[in-house]
């Protein structure tokens with residue numbers, strides 16, 4: 126939109142994003158391979174295959190003028206949430222109050238200061254599973270950010286779709 130928000134990366138040549146895997150009791154984020162339709166893969170494998178494609182997409186879309194680096198929290202730091210997935214896949218439903226609730230309850234000391242945006246992802250689960258299919262971006266107010274707010278993306282399943290990444294990161298950045 127115009128005018129561009131002051132916290133956007135508009136005019137910059139690069140951005141840094143951090144992926145925060147969320148593991149719920151009914152939808153773990155898996156590093157172990159499991160069968161999903163005809164695929165035998167893990168959530169982590171799909172994520173690590175997708176990230177280079179997202180970076181390449183940004184490079185192509187910007188005609189080589191913009192780079193994005195995407196880090197993933199180490200497995201020991203993944204957010205394990207002792208509840209079922211709370212997100213709604215209904216279009217237009219804002220899931221970020223639930224993300225904020227998770228931060229307040231489980232990670233109230235986590236600092237959102239080192240990256241341009243934070244990407245919360247769930248496991249890919251099975252087709253039709255409740256709570257999957259949400260892709261959204263927002264700026265969250267938080268006492269955990271030096272500036273008082275931070276850019277964020279939520280992808281509940283389907284994160285092997287590079288178009289979804291580019292679209293949502295476009296909102297967040």
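Numbering (the working numbering), first residue to last: 126 to 298.
Note that beta-carbon positions come from the ideal geometry of N, C-alpha and C, so glycine has one too.
The beta carbons of residue 207 and residue 279 sit about 19 Å from each other, so the pair does not count as a contact at 8 Å. The region 165–179 makes no contact with the region 262–270, as fewer than three CB pairs between them are under 8 Å. Separation of residue 248 and residue 227 (C-alpha to C-alpha, rounded to the nearest whole angstrom) is 16 Å. The criterion of a C-beta distance shorter than 8 Å is not satisfied by residue 190 and residue 137. Taking 3 residues as the minimum length, the beta strand (DSSP E) runs contained wholly in the region 246–280 are 259–266, in order along the chain. Taking a cut-off of 8 Å for Cβ pairs, the region 193–208 and the region 143–161 touch, as three or more such pairs fall below it. The C-alpha of residue 199 is placed about 18 Å away from the C-alpha of residue 238. In the displayed model, residue 168 falls within a helix according to three-state DSSP.
At least 8 Å separates the beta-carbon of residue 258 from that of residue 273.
In this structure, 196 is the residue among 290, 181 and 196 with its C-alpha nearest to the C-alpha of residue 142. A distance of 8 Å or more separates the beta carbons of residue 286 and residue 241.
Distance from the Cα of residue 156 is smallest, within the candidate group 170, 144 and 225, for 170. Straight-line measurement puts the Cα of residue 294 at about 13 Å from the Cα of residue 192.
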